[in-house]
Amino acid sequence: MTRRKLAAAGGAGRPAGTPPAGPADDPFGADFFAGLARLRRRVALGRGGGGGGRPGRGAAPRGVEFRDHRPYAAGDDVHAIDWSVLARLDRPFVKVFRDEERGSLSLLLDATASMGFGAPRKDFLARRIAAACALAALAGGTRVRASRGGDPPARRDFAGRTAAPALLAFLRAPLGGGGAALGRALDGLARARHGPLLLVSDFLDAQPLLASLARLASRGARALLVLVQARGEREPSAAGNVRLVDAETGEVLEGVIDESGAVASAERARGIEEEVRRFAARRGWPFVFARSDRPFEEAALEAIRGLEGLR
Amino acid sequence: MSFAAPAGLLFLLAVPLLVLLEAARRTPLEANVSAASLWRGLLRPAGAGNRRSRFALDWAARARVAAAALAALAAAEPFVAGGTREARVRIVVDRSASMGADAGEGRTRLSLAIERTIAWLASVPESAPVLVEAVPCGEGAVALDAAGARAFLAALDVSDAPLPDAGLVAIAAAAPGTILVSDRVPEAGAPDRTIAHGLPAENAGFVAFEVEPVAGDRVKLWALVRNSGRRATERALTAFGDSSLSLGTLVLAPGEARAVTAEVGVAPAKAVGLRLGGEDALAADDEVRALPGSDRVRAVAEHGTPEPVLRALAAAGGVSIAFPAERGEPSADADLTVGAGAAEGQAFRIRIDPPGGAAFEPASVRATEALASDLDLTGVRIGPVAPTAAASGDRPLLLARAADGVEVAAAVERDGGWRLLFDPAAGNWKDHPSFPVFFAVAVERARAKSARFAFLRTGEALPGGGCVARSGIVEGGRGARIAANLLSAEESSLEGTVTAAPPAPAPVPGEPTPLAAHGFALAAGLVVVSLLLERRR
Numbered sequence: 004m005t006r007r008k009l010a011a012a013g014g015a016g017r018p019a020g021t022p023p024a025g026p027a028d029d030p031f032g033a034d035f036f037a038g039l040a041r042l043r044r045r046v047a048l049g050r051g052g053g054g055g056g057r058p059g060r061g062a063a064p065r066g067v068e069f070r071d072h073r074p075y076a077a078g079d080d081v082h083a084i085d086w087s088v089l090a091r092l093d094r095p096f097v098k099v100f101r102d103e104e105r106g107s108l109s110l111l112l113d114a115t116a117s118m119g120f121g122a123p124r125k126d127f128l129a130r131r132i133a134a135a136c137a138l139a140a141l142a143g144g145t146r147v148r149a150s151r152g153g154d155p156p157a158r159r160d161f162a163g164r165t166a167a168p169a170l171l172a173f174l175r176a177p178l179g180g181g182g183a184a185l186g187r188a189l190d191g192l193a194r195a196r197h198g199p200l201l202l203v204s205d206f207l208d209a210q211p212l213l214a215s216l217a218r219l220a221s222r223g224a225r226a227l228l229v230l231v232q233a234r235g236e237r238e239p240s241a242a243g244n245v246r247l248v249d250a251e252t253g254e255v256l257e258g259v260i261d262e263s264g265a266v267a268s269a270e271r272a273r274g275i276e277e278e279v280r281r282f283a284a285r286r287g288w289p290f291v292f293a294r295s296d297r298p299f300e301e302a303a304l305e306a307i308r309g310l311e312g313l314r
Numbered sequence: 008m009s010f011a012a013p014a015g016l017l018f019l020l021a022v023p024l025l026v027l028l029e030a031a032r033r034t035p036l037e038a039n040v041s042a043a044s045l046w047r048g049l050l051r052p053a054g055a056g057n058r059r060s061r062f063a064l065d066w067a068a069r070a071r072v073a074a075a076a077l078a079a080l081a082a083a084e085p086f087v088a089g090g091t092r093e094a095r096v097r098i099v100v101d102r103s104a105s106m107g108a109d110a111g112e113g114r115t116r117l118s119l120a121i122e123r124t125i126a127w128l129a130s131v132p133e134s135a136p137v138l139v140e141a142v143p144c145g146e147g148a149v150a151l152d153a154a155g156a157r158a159f160l161a162a163l164d165v166s167d168a169p170l171p172d173a174g175l176v177a178i179a180a181a182a183p184g185t186i187l188v189s190d191r192v193p194e195a196g197a198p199d200r201t202i203a204h205g206l207p208a209e210n211a212g213f214v215a216f217e218v219e220p221v222a223g224d225r226v227k228l229w230a231l232v233r234n235s236g237r238r239a240t241e242r243a244l245t246a247f248g249d250s251s252l253s254l255g256t257l258v259l260a261p262g263e264a265r266a267v268t269a270e271v272g273v274a275p276a277k278a279v280g281l282r283l284g285g286e287d288a289l290a291a292d293d294e295v296r297a298l299p300g301s302d303r304v305r306a307v308a309e310h311g312t313p314e315p316v317l318r319a320l321a322a323a324g325g326v327s328i329a330f331p332a333e334r335g336e337p338s339a340d341a342d343l344t345v346g347a348g349a350a351e352g353q354a355f356r357i358r359i360d361p362p363g364g365a366a367f368e369p370a371s372v373r374a375t376e377a378l379a380s381d382l383d384l385t386g387v388r389i390g391p392v393a394p395t396a397a398a399s400g401d402r403p404l405l406l407a408r409a410a411d412g413v414e415v416a417a418a419v420e421r422d423g424g425w426r427l428l429f430d431p432a433a434g435n436w437k438d439h440p441s442f443p444v445f446f447a448v449a450v451e452r453a454r455a456k457s458a459r460f461a462f463l464r465t466g467e468a469l470p471g472g473g474c475v476a477r478s479g480i481v482e483g484g485r486g487a488r489i490a491a492n493l494l495s496a497e498e499s500s501l502e503g504t505v506t507a508a509p510p511a512p513a514p515v516p517g518e519p520t521p522l523a524a525h526g527f528a529l530a531a532g533l534v535v536v537s538l539l540l541e542r543r544r
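Residue numbers (my numbering), protein chains in the order written: chain A, 4 to 314; chain B, 8 to 544.
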């Protein structure tokens, strides 16, 4: 069995010990934006033809306690412009209200090493789903607090359409680190309340992660869980005599993969899906399953609609 | 498939050992996985498990094992039997003169033989290869199918050339199974034959012929006539040359040979010979003839021959010039002698003696006539030119104008020969157009006067290539015309035999196809494949 096939079974084909690299190809190439355009039309159709780019009413609720001003960014609701400030400073500023919490989205992208596997790679799909949801939020006037669960961890806030390039650059960062990094990033988000949470991950370190999510849920947080798996994890094949190395922990497994072993491994992967799905269902959270070998638009549409349901 | 060296199959015993070695050397495929948790506890220890999975080989190992098995098989020299193929038929047709003998009912021996050969070819499969050849004077063997062979045979015609028995023996020995179509049976190595028609026939013909020049323009003909038939024959005999001369009726008993002679005149470009009148079974030997003139005029240039004369003789063409070592020793068989000293009265020679006496410098030279080819060039000498040099009876050939303007004869025909009365290299005559013409005419005259009559026998090679298949005038060599005659005692004999046609040729085993090279090549290819597969791991 070649390295490519083994990558489909969960191995990336890289020699053991090689640190995971960034995306070999840009996940946000021309085909991504073409898919994004199609996605926007479908989202607009779903809303009854409403434009998907304008903030519209309800993006900044009225009558809520005023908190601050911030510079006007393209796409912001013009009704939120403080005209007196404009008259004084000759520059537009919009008012920021307390209830901005409902206008924000927390995004946590699993950027651990395990996401770098699959053909195509899981992180490719995960980045695209996360970017599609985040860009839709930005276009709707929603602030996005994006976090990368990896090594090193990162977190950054984005607002307005002009923040799209910076957001994509943030989501392009290379992979690294293990499940613990993801858990720490999740705990960090739990301390700061920033609207609904979008978690895109392969949930390979499911138990600690679900435990962190349970704590979030106990505080009233709402989350959309997106599970990304590779075809090789769902449909592995026998590879003969192998020496497997865990990309995150370095654990080594030696032996022979036969048909029964491959079937059992596939069952484990499906078991992860069932576990996360049940976890989400018990808490009334939306759940999206995505395979890395399928287009991102379906999963992204499902996620966007799930997020809208959460608001 | 069979094996030429079955012992090589023993190498196959190494294949199971190779499988064991491959199974033992299997190196694990190293790779990263997304999570060991997906595989923990699911890997079977290497070497455990059922027997089948224990010896499961990857494709690279399988390629190597297959290569070893193929190499072992190739070492046993496998081959595939060639089956059977249609036997090649070789037919050699004797088209020598005796095959032209009358076989009755308007057919010759050859036409009757061809009929029976074509009928026999019906028993040969259409796709069988047929090699057909006609001898003598054929163009070599031609490879055809049965239909093509029938067409080839139908187009064959008899020749006047002989085919000695030795030739038949050589043909019979050349390839076994040769079908020899002939009217004679070679004593050694008789091949299969079809058609040999040997009906006793009446035939009388020439078996020898010679020509000897005599005085003047006459030649003496000599020939040997033989009755090869089984009955007495009466044949009218005629000699021909510049005219025909009846020699009466020749009566020959069975097997009798008689010499005949005749003297005839020679006319330029006309053949001389003898002819038997009447008809018999074989017409090819009923006439013998020769043409006067030789291929080349033999000239001897004695000491002192002026160079312009030599150049003029060479420019005439067809002249071979020899230079004898002894001065004054003319060549006995030369057609031309140029130079000093010569005996009078030698026929068909031109002699140009060196000048003597007073020098003569002709201011100009004029030919009185066009130097016609019928001039007799017997005896030409060079001497002092005097106004009275031209004696009565001399026929002037060239006139020269002396310094005082008087024309005098510079060359005359005298006593049957040409005589130059001055040194041909002196003066300005050698620059005159008549100079090379004069000597070219002399050459032609010498050629016509030559005592040698050349002829070729039918069946002989022509000087310029090819074979003399027919008697008659043949253009050959440097355009010289030569006559070909039949002078073969063998061909004049019409004894023959009749044999039954051979059976149709049976299929023969085909050539086996060896496979060892293919096996080794495939094995090498599989080794390369295994190396490529190993690189991809």
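Note that CB positions come from ideal geometry on N, CA and C, so glycine has one too.
Exercise. When the Cβ atoms of the segment 140–148 of chain B are set against those of the segment 97–105 of chain B, are three or more pairs found closer than 8 angstroms?
Worked result: In short, these stretches touch, since the Cβ pair count reaches three.
For this session: Compare the beta carbon distance of residue 228(B) and residue 239(B) with 8 angstroms and say whether it is the shorter of the two.
Result: Result no, Cβ atoms of residue 228(B) and residue 239(B) do not sit closer than 8 angstroms.
Exercise. Which residues in the same chain as residue 476(B) place their Cβ atom closer than 6 angstroms to its Cβ, once the five residues preceding and following it in sequence are excluded?
Worked result: Contacts found: 144, 166, 168.
Problem set entry | Against chain B: residues of the segment 214–225 of chain A by CB proximity under 8 angstroms | Against chain B - using a Cβ distance shorter than 8 angstroms - the segment 214–225 of chain A contributes no residues.
For this session: Please report how far the alpha carbon of residue 312(B) lies from the alpha carbon of residue 291(B), in whole angstroms.
Result: Between residue 312(B) and residue 291(B), the C-alpha separation is close to 48 angstroms.
Exercise. Within 10 angstroms of its Cβ, does residue 17(B) collect 16 or more other Cβ (buried), or is it exposed?
Worked result: Label assigned to residue 17(B): exposed.
Problem set entry | Beta bridge counterpart(s) of residue 98(B) as assigned by DSSP | Partner(s): 139(B), 186(B).
Exercise. Since residue 96(A) sits in a beta bridge, which residues does DSSP pair it with?
Worked result: 74(A).
Exercise. How about residue 28(A) and residue 125(A): are their beta carbons less than 8 angstroms apart?
Worked result: Contact annotation: residue 28(A) and residue 125(A) have beta-carbon atoms that are not nearer than 8 angstroms.
For this session: Sort 537(B), 41(B), 113(B), 117(B) by Cα distance to residue 235(A) and report the nearest one.
Result: Ranking the options by Cα distance to residue 235(A), first place goes to 41(B).
Exercise. Since residue 536(B) and residue 53(B) are thought to touch, with beta carbons under 8 angstroms apart, how far apart are those beta carbons, to the nearest angstrom?
Worked result: In this structure residue 536(B) is not in contact with residue 53(B), their Cβ atoms being roughly 25 angstroms apart against a cut-off of 8 angstroms.
For this session: Starting from residue 160(A), follow the beta strand (DSSP E) in both directions and report where the run begins and ends.
Result: Residues 157–161.
Exercise. How would you list, in chain order, the residues of chain A whose beta-carbon sits under 9 angstroms from the beta-carbon of residue 4(B)?
Worked result: Since the first residue shown for chain B is 8 and the last is 544, residue 4(B) is missing from the structure and cannot be characterised.
Exercise. Given a threshold of 16 other Cβ atoms within 10 Å of its Cβ, counted over all protein chains shown, does residue 438(B) qualify as buried or as exposed?
Worked result: The residue is exposed, with fewer than 16 neighbouring Cβ atoms inside 10 Å.
Exercise. CB residue 116(B) to CB residue 190(B), shorter than 8 angstroms?
Worked result: The answer is yes: Cβ separation under 8 angstroms.
Exercise. Out of 201(A), 286(A), 178(A), which has the shortest C-alpha to C-alpha gap to residue 223(A)?
Worked result: Looking from the CA of residue 223(A), the closest CA among 201(A), 286(A), 178(A) belongs to 286(A).
Problem set entry | Assigned exposure category for residue 232(A) - 16 Cβ within 10 Å defines buried | Classification of residue 232(A): buried, given that the 10 Å Cβ count is 16 or more.
Exercise. Touch check for the segment 292–307 of chain A and the segment 111–124 of chain A: three-plus C-beta pairs under 8 angstroms?
Worked result: The way I'd put it, the segment 292–307 of chain A does touch the segment 111–124 of chain A; three or more beta-carbon pairs between them come closer than 8 angstroms.
Exercise. Based on the DSSP secondary-structure assignment, which residues constitute the bridge partners of residue 265(B)?
Worked result: Partner(s): 232(B).
Exercise. According to a CB-to-CB cut-off of less than 8 angstroms, which residues of the segment 146–158 of chain A neighbour chain B?
Worked result: So the list is empty, because no residue satisfies the distance condition.
Problem set entry | CB-CB length for residue 188(B) against residue 120(B), believed under 8 angstroms | Confirmed, Cβ separation roughly 5 angstroms.
For this session: To the nearest angstrom, report how far apart residue 242(A) and residue 248(A) are at their CA atoms.
Result: Cα to Cα, the separation comes out at about 14 angstroms.
Problem set entry | Within chain B, the residues that residue 252(A) reaches when beta carbons sit closer than 7 angstroms | Those within 7 angstroms of residue 252(A) in chain B are 43.
Problem set entry | Buried versus exposed call for residue 449(B) [16 or more other C-beta atoms within 10 Å across all chains shown] | Residue 449(B) should be labelled buried.
Exercise. Is residue 36(B) closer than 8 angstroms to residue 245(A) when the C-beta atoms are compared?
Worked result: Contact: yes.
For this session: Determine which residues of the segment 270–285 of chain A have a Cβ less than 9 angstroms from any Cβ of chain B, and write them out in chain order.
Result: Residues 271, 272, 275.
Problem set entry | Per-residue contacts from residue 267(A) into chain B (C-beta, under 7 angstroms) | Those within 7 angstroms of residue 267(A) in chain B are 49.
Exercise. Got a sec: is the Cβ-Cβ distance from residue 534(B) to anything in chain A below 8 angstroms?
Worked result: No, because no Cβ of chain A sits closer than 8 angstroms to the Cβ of residue 534(B).
Exercise. So, is the C-beta of residue 133(B) closer than 8 angstroms to a C-beta in chain A?
Worked result: Taking a beta-carbon distance threshold of 8 angstroms, residue 133(B) does not count as an interface residue toward chain A.
Exercise. Alpha carbon to alpha carbon, what distance is there between residue 209(A) and residue 268(A)?
Worked result: Spanning the two alpha carbons is a distance of roughly 16 angstroms.
For this session: Let me know the secondary structure DSSP gives residue 23(A) once reduced to three states.
Result: Residue placement at residue 23(A) is flagged as unreliable, the pLDDT there being 44, under the threshold of 50; a coordinate-derived value is accordingly withheld.
Exercise. If you draw a straight line from the C-alpha of residue 274(B) to the C-alpha of residue 248(B), how long is it?
Worked result: Residue 274(B) and residue 248(B) have their alpha carbons spaced roughly 7 angstroms apart.
Problem set entry | Residue range of the beta strand (DSSP E) that includes residue 134(B) | From DSSP, residue 134(B) is part of no beta strand (DSSP E); its letter is neither H nor E.
Exercise. Run through DSSP, which three-state label would residue 38(B) get?
Worked result: Three-state DSSP puts residue 38(B) in a strand.
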